[in-house]
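The structure appears below as structure tokens.
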Amino acid sequence: MRIAVRRALVLKFASCPGRCSFTSVTGHSVTKRSKDPGAVPNVDCGSAPALDVIQRPPLERILDLRQLSEFEFEGHSYVSSPRIYGGQALGQALSAAGRTVDPGHRPHSLHGNFIHPGRTECPVRYHVSPVRDGGSFSTRQVDAEQDGRTIFQMIASFHRGEVGFAHQMPTMSAPSPEEILPLEQTLSPEDLESAWPWLRVLMKNIAVEFRFPEEYPRLSCARRQTSAPVQRAWIRSPERLPSSPLVHAAAFAYCSDLFLLSSALPPHALTIDQPGVQVASLDHSVWLHTAFRADEWHLYEQRGEWAGGGRALCHGRLFDRYGVLVATTAQEGLVRKRLTQRSPLDAKAVTAS
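Throughout the sequence shown, residue numbering follows this note's numbering, covering 3 to 355 in sequence.
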């Protein structure tokens with residue numbers, strides 16, 4: 003039965019006309035990328051037997067905040083998961099900050115701290131504080147609140163473009179995204195069955211399209227195989243976005259949280275949904291080196307540089323298809339495996355942290 007379903011998926015992908023991209027692993031629906039910048043992809047290739055159709059979240063709509071006052075904005079989630087994805091807070095906060103600065107100043111860095119989990123059923127209010135406006139740089143602080151409680155804080159810096167010295171140390175070599183099949187087409191029936199639950203949730207609630215040049219380490223971790231703390235994925239927005247540089251910077255801020263902390267897990271053969279494993283982002287930084295379109299393919303290289311004491315530090319590099327480094331990221335997160343049986347002292351320590 004599993005083999006029959008897998009064959010149906012391959013046949014269905016081959017029958018899709020034009021340029022298509024998978025929008026759901028559970029439904030395996032295929033979506034054309036519309037040339038209309040404001041369009042949300044529409045399902046046009048049916049679904050495999052007994053599988054429901056899942057639409058990716060509308061990224062442009064998520065980033066299009068409602069302005070309540072000069073320095074206050076409201077954002078919504080448009081997803082079914084109970085908790086807000088960290089990248090959503092990053093992208094929405096940068097959108098709010100960017101709408102209060104001179105359009106000639108473009109975002110070049112942001113540093114955020116995740117304080118409390120956010121709930122998707124409630125809107126988030128973003129309060130922007132104009133810290134500084136100079137000739138070359140502008141600085142904004144953003145506080146994201148739900149029900150009167152701060153759930154996220156960010157400092158963002160904006161720079162007026164100028165010409166300066168240029169060099170780049172990191173290099174990139176990888177198959178092009180067009181040469182790589184969608185993840186679900188590369189899996190064995192056993193791996194597909196194992197990955198089905200988390201892929202379903204991921205595709206339904208995160209507006210990022212991705213393809214892996216190598217096996218995604220989460221799959222080998224599920225087989226209890228260890229590997230180096232390195233993973234790579236071609237990523238892009240699943241929908242065409244407006245040409246605004248702020249929209250694309252915010253869109254990558256949204257994408258940048260995806261997979262990053264999990265790059266610390268392969269040496270320990272752990273997955274984030276494994277019983278007893280607790281993973282949560284604590285802080286996140288993004289440096290934008292040059293303008294780029296987040297709706298075009300970029301290679302996101304991620305490394306779990308260090309882990310210890312219940313935390314992990316991960317770094318990311320984003321390259322365009324020509325090998326140009328366009329952005330760099332860093333994230334520290336909580337990574338712990340809870341004890342199945344704890345003494346009262348252990349329980350108190352874990353609760354306090």
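Here a beta-carbon is modelled for each residue, glycine too, at the ideal position from N, C-alpha and C.
Excluding five sequence neighbours on each side, which residues of the same chain lie with their C-beta closer than 6 Å to the C-beta of Gln-233? Within the sequence shown, the letter at position 231 stands for residue 233. Excluding sequence neighbours, Gln-233 sits near Pro-219, Ser-265, Gln-304.
Is Gln-227 helix, strand or coil when you go by DSSP? As a first step, residue 227 must be located in the sequence shown, where it is residue number 225. Gln-227: coil per DSSP, three-state reduction.
Can you have a look at Glu-123 and say buried or exposed, based on whether 16 or more other CB atoms are within 10 angstroms of its CB? Position 121 of the sequence shown, counted from the start, is the residue given in the question as residue 123. The residue in question, Glu-123, is exposed, as its Cβ has fewer than 16 Cβ neighbours within 10 Å.
Count the other CB atoms within 10 Å of the CB of Val-288; is the residue buried (16 or more) or exposed (fewer)? Start at 1 with the first residue of the sequence shown, and residue 288 comes out as number 286. Val-288 comes out buried.
Quick check: what's the CA-CA separation for Phe-366 versus His-250? Because the chain here runs from 3 to 355, residue 366 falls outside it and cannot be looked at.
When Ala-91, Thr-141, Gly-137 are compared against His-361, the one with the closest alpha-carbon: The chain is shown only over 3 to 355; residue 361 falls outside these bounds and no answer can be derived.
Just to confirm, are His-291 and Gln-333 a CB contact at a threshold of 8 Å? Here residue 291 refers to the residue found at position 289 when the sequence shown is read from its first residue. Here residue 333 refers to the residue found at position 331 when the sequence shown is read from its first residue. Contact: no.
Check for me: the beta strand (DSSP E) holding Val-1 runs from which residue to which? Residue 1 lies beyond the residue range present for the chain, which begins at 3 and ends at 355; the question has no answer from this structure.
Simplified DSSP state of Arg-202, which is helix, strand or coil: By 1-based counting over the sequence shown, the position of residue 202 is 200. Here Arg-202 sits in helix by DSSP.
Residues sharing a beta bridge with Ser-97, DSSP: Here the question's residue 97 lines up with position 95 in the sequence shown. For Ser-97, which the question treats as bridged, DSSP gives no partner whatsoever.
For a minimum of 3 consecutive residues, which ranges assigned as the beta strand (DSSP E) are wholly contained in the region 224-285? 232-238
So for Pro-309, helix, strand or coil by DSSP? In the sequence shown, residue 309 corresponds to position 307, counting from 1. The displayed chain sequence assigns Ala, not Pro, to residue 309. If DSSP states are grouped into helix, strand and coil, Ala-309 belongs with the strands.
Can you tell me the Cα-Cα spacing of Phe-261 and Arg-213, whole angstroms? The sequence position of residue 261 within the sequence shown is 259, counting from 1. The sequence position of residue 213 within the sequence shown is 211, counting from 1. Cα to Cα, the separation comes out at about 12 Å.
Whose CA, out of Phe-160, His-317, Val-326, lies closest to the CA of Leu-112? As a first step, residue 112 must be located in the sequence shown, where it is residue number 110. Leu-112 has its Cα closest to that of Phe-160, out of Phe-160, His-317, Val-326.
Reference Met-171; option with closest CA among Glu-164, Arg-340, Phe-321: Looking up residue 171 in the sequence shown gives position 169. The shortest C-alpha separation from Met-171 is found at Phe-321.
Between the C-alpha atoms of Glu-181 and Leu-301, what's the straight-line distance to the nearest angstrom? On the sequence shown, position 179 is the one that residue 181 refers to. On the sequence shown, position 299 is the one that residue 301 refers to. Rounded to the nearest angstrom, the gap between the Cα atoms of Glu-181 and Leu-301 is 13 Å.
Touch test, the region 129-147 against the region 92-104, Cβ-Cβ under 8 Å, three pairs minimum: yes
What's the C-alpha gap between Val-337 and Gly-88? Against the sequence shown, residue 337 aligns to sequence position 335. Against the sequence shown, residue 88 aligns to sequence position 86. Their backbone Cα atoms lie some 16 Å apart in a straight line.
Mind reading off the beta-carbon distance from Ser-245 to Ala-296? Whole number of angstroms is fine, and I expect it under 8 Å. By one-based count along the sequence shown, residue 245 stands at place 243. By one-based count along the sequence shown, residue 296 stands at place 294. No, Ser-245 and Ala-296 are not in contact; Cβ-Cβ is about 11 Å, not under 8 Å.
Secondary structure at Arg-63, three-state DSSP: helix, strand or coil? Residue mapping note: residue 63 aligns to position 61 of the sequence shown, counting from 1. Arg-63 carries a helical assignment under DSSP once its states are collapsed to helix, strand and coil.
Just how far apart, CA to CA, sit Phe-73 and Glu-211? Counting from 1 along the sequence shown, the entry for residue 73 is found at position 71. Counting from 1 along the sequence shown, the entry for residue 211 is found at position 209. Cα-Cα distance, rounded: 32 Å.
Segments of 4+ residues assigned as alpha helix (DSSP H) that fall wholly inside the region 148-185: none
Closest to Ser-361 by C-alpha separation, out of Ala-271, Gly-163, Glu-147, would be which residue? This structure cannot settle anything about residue 361, because the visible part of the chain is limited to 3 through 355.
Candidates Pro-191, Leu-221, Ala-235, of which the one nearest Gln-276 by Cα: Against the sequence shown, residue 276 aligns to sequence position 274. If we check each option's Cα against that of Gln-276, Leu-221 comes out closest.
Spell out the partners DSSP gives Tyr-128 in its beta bridges. Position 126 of the sequence shown, counting from 1, holds the residue named residue 128. Beta-bridge pairing links Tyr-128 to Phe-75, Ala-146.
Among Leu-189, Thr-273, Tyr-128, Tyr-324, the one whose alpha carbon lies nearest that of Gln-227: Here residue 227 refers to the residue found at position 225 of the sequence shown. Selected option, being the one with the closest Cα: Thr-273.
Could you pull out every residue in the same chain whose Cβ sits closer than 6 Å to the Cβ of His-317, ignoring the five residues on either side in sequence? Position 315 of the sequence shown holds residue 317. Result list for His-317: Arg-305, Glu-307, Ala-332, in chain order.
Less than 8 Å between the C-beta atoms of Tyr-80 and Arg-108, yes or no? Working through the sequence shown from its first residue, we reach residue 80 at position 78. Working through the sequence shown from its first residue, we reach residue 108 at position 106. Their beta carbons are not under 8 Å apart, which means Tyr-80 does not touch Arg-108 by this criterion.
What's the C-alpha gap between Gly-311 and Lys-339? For this step, residue 311 is matched to residue 309 along the sequence shown. For this step, residue 339 is matched to residue 337 along the sequence shown. If you draw a straight line from the Cα of Gly-311 to the Cα of Lys-339, it comes to about 11 Å.
Within 8 Å, strictly: CB atoms of Ala-197 and Leu-92: The residue labelled residue 197 in the question sits at position 195 within the sequence shown. The residue labelled residue 92 in the question sits at position 90 within the sequence shown. The answer is no: Cβ separation not under 8 Å.
Which residue's Cα is closest to the Cα of Ala-146: Ser-138, Gly-77, Glu-195, Gly-106? Taking the sequence shown and counting its residues from 1, one reaches residue 146 at position 144. Checked all of Ser-138, Gly-77, Glu-195, Gly-106; the closest Cα to Ala-146 is Gly-77.
Would you mind giving the Cβ-Cβ distance between Ser-138 and Arg-121, rounded to the nearest angstrom? I have them listed as a contact below 8 Å. As a working note, residue 138 is residue 136 in the sequence shown. As a working note, residue 121 is residue 119 in the sequence shown. So it is not a contact: roughly 39 Å between Cβ atoms.
Grab me the residues of Glu-217's own chain with a C-beta within less than 6 Å of its C-beta, minus the 5 sequence neighbours each way, in chain order. Position 215 of the sequence shown holds residue 217. There are no such residues.
Beta-bridge partners of Thr-141, as assigned by DSSP: Translated into positions along the sequence shown, residue 141 becomes position 139. The partner list for Thr-141 (beta bridge, DSSP) reads Arg-134, Ser-159.
May I have the straight-line CA-CA distance separating Pro-191 from Arg-225, to the nearest angstrom? Counting from one through the sequence shown, the residue named residue 191 turns up at place 189. Counting from one through the sequence shown, the residue named residue 225 turns up at place 223. Cα to Cα, Pro-191 sits roughly 14 Å from Arg-225.
Rounded C-beta distance between Pro-231 and Pro-268? I'm assuming under 8 Å. Translated into the one-based positions of the sequence shown, residue 231 becomes position 229. Translated into the one-based positions of the sequence shown, residue 268 becomes position 266. That pair is a contact at about 5 Å.
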